[in-house]
Amino acid sequence: MKRLLTLFVLTFGATAPLAAEETIETLDVPTWFDGCTALSGTLIANEMDTRCMSSAYDYCELGHPPVERRVCIEKLNAHLLAKTKEIAEGLPDQVAGLSGFKKWSYPRRLEEFRNDEFDPDCSQMTEFMCETFNIVVRWSAARDLERLSDAPGGLKEE
């Protein structure tokens, strides 16, 4: 009887986790990312953006089976490229209402962004990691410029 009970538990107990794993839905990372970054219109906007970015990429790495990880990252990268382009198209050449450092900084940062003058050191990365890093850097710069250009007064975070 013990053997029968053990066999029963092993047989049906082992299939329950497999069935549960089959029904787990993966999160739509770009949609989650947009929701997360929508919350970052606060005093800690840059920190929130960084956390959203980190969490999204972590989810691609940890929340997906190994065969789906790169696909998740590629999907997130494509989403960030589209978001960066959307932000870039709306950035004005000049922003009224800026003063001091912001007034001096905005045109220089905008020119650097438009000329793609970011030069990260990718010597210790794979080509895919370097591409991802560049996408993240450009998106982050676009978000900073977007906040800075949100006149009057530029940045909402002071």
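Quick note: the sequence shown uses numbering that gives the first Met the number 0, first residue 0, plus one each step. For every residue, glycine included, the Cβ atom is placed at its ideal position computed from N, Cα and C.
Residue state for ALA81 is assigned as helix, using DSSP reduced to three classes.
In this structure, the beta-carbon distance from LEU80 to PHE112 does not fall below 7 Å. With fewer than 16 other Cβ atoms inside 10 Å of its own Cβ, TRP103 counts as exposed. For ALA44, the enclosing alpha helix (DSSP H) stretches over residues 44 to 61.
Residues of the same chain with a CB within less than 7 Å of the CB of ARG107, apart from the 5 flanking positions on each side, do not exist.
Membership of THR125 in any alpha helix (DSSP H) is not indicated, and neither H nor E is assigned to it by DSSP. In its chain, beyond the 5 residues on either side, GLU130, THR131 and ILE134 have a beta carbon closer than 8 Å to the beta carbon of ASN76. Using a 10 angstroms sphere on the CB of ILE43, the tally of other CB atoms stays under 16, which defines it as exposed.
With fewer than 16 other beta carbons inside 10 angstroms of its own, PHE100 counts as exposed. Here ARG142 is near ASP48, since their CB atoms are less than 7 Å apart. Judged by DSSP in its simplified three-state form, LEU144 adopts helix.
The beta carbons of LEU26 and GLY62 sit about 6 Å from each other, so the pair counts as a contact at 8 Å.
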